[in-house]
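The sequence shown begins at 176 in this note's numbering and counts up one residue at a time.
Just so you know, even glycine gets a beta-carbon here, dropped at the ideal spot from N, CA and C.
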Amino acid sequence: MKAYPVLLVLLASTFSHGETSETDSERLQGLLEPIKSLSASFVQSVYGADGFEIDSSQGLFKVASPAKVAWHVTAPLEQQVISDGNTLWVYDPDLDQVVVNSVDGRLSATPAVLFSGDLDSLEASYEVAQKSLKVENPSFLLTPRDNASLFSMIELQFAGREPAAIIITDTLGHSTAIVLSGLQLNPLLHEETFVFSIPAGVDIINNAQ
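If you want it as structure tokens, here you go:
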């Protein structure tokens, strides 16, 4: 089972919680709004409905708004998922194949909306509830408003002022936990980071035409 841009998923920055009239959604948006770019390492673990781990991977990713992603699985099997906000490339070296898709309005129905820079879509796509009120360990639960969504729940966990993990549960009860490390907030990321150069000789499945 390969990692897929389920991940496409990041957030964070400063966090303060006090006696205010802010809604849970506004508190989460307050975390996301300052983020223009992000870089981190990740360990991703996939669990079955019975709670047993069935797959794990690790790698690096970079993200910038709006909807720019460079997700690179380095082990056990390499995979790259790259988006410039308009085109999404998924490259599997072991299959010698790249799949090309267009990025369209369906993005708002996926966890990618969390870092897309479109906070209105976040509010429209998810019901937000703050799970943990601890200043040092805040967390949020996001429930898709669309009953046809592939995800039943997303949990965003923070450690202090930085994101620590995201847990995505699908409608079959499987969950994917992505744990972050080596986080850099708002690094300078060049445009070419989010454009994939297709290697010569690979099979191309172009769904963007």
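Look at residue i and residue j and say whether their C-beta atoms are less than 8 Å apart.
i	j	result
residue 245	residue 369	yes
residue 354	residue 221	no
residue 333	residue 257	no
residue 347	residue 329	no
residue 331	residue 204	no
residue 361	residue 212	yes
residue 379	residue 273	yes
residue 247	residue 260	no
residue 319	residue 301	yes
residue 199	residue 299	no
residue 237	residue 364	yes
residue 230	residue 252	no
residue 262	residue 383	yes
residue 359	residue 215	yes
If contacts are defined as beta-carbon pairs under 8 Å, then residue i and residue j qualify, I think. What distance do you get, rounded to the angstrom?
i	j	result
residue 254	residue 267	6 Å
residue 311	residue 335	6 Å
residue 381	residue 265	Actually they do not touch by this definition, with Cβ atoms about 12 Å apart.
residue 344	residue 327	5 Å
residue 350	residue 341	At roughly 11 Å, the Cβ-Cβ gap does not stay under 8 Å, so residue 350 and residue 341 are not in contact.
What did DSSP end up calling residue i once you bin it into helix, strand or coil?
i	result
residue 252	coil
residue 345	strand
residue 259	strand
residue 227	coil
residue 284	A caution first: residue 284 carries a pLDDT of 49, below 50, which makes its placement in the model unreliable, though a value can still be read off. Three-state DSSP puts residue 284 in a helix.
residue 204	helix
residue 297	helix
residue 371	coil
residue 366	helix
Based on the DSSP output, what are the partners of residue i in its beta bridges?
i	result
residue 338	333
residue 197	Beta-bridge pairing links residue 197 to no other residue.
residue 234	217 and 248
residue 360	213
residue 317	303 and 329
residue 381	275
residue 267	272
residue 239	212 and 243
residue 351	221 and 343
Any heavy atom of the ligand NAP closer than 7 Å to the beta-carbon of residue i?
i	result
residue 257	Absence of the ligand NAP from the depicted structure is noted, as is the absence of any ligand whatsoever, leaving it without description.
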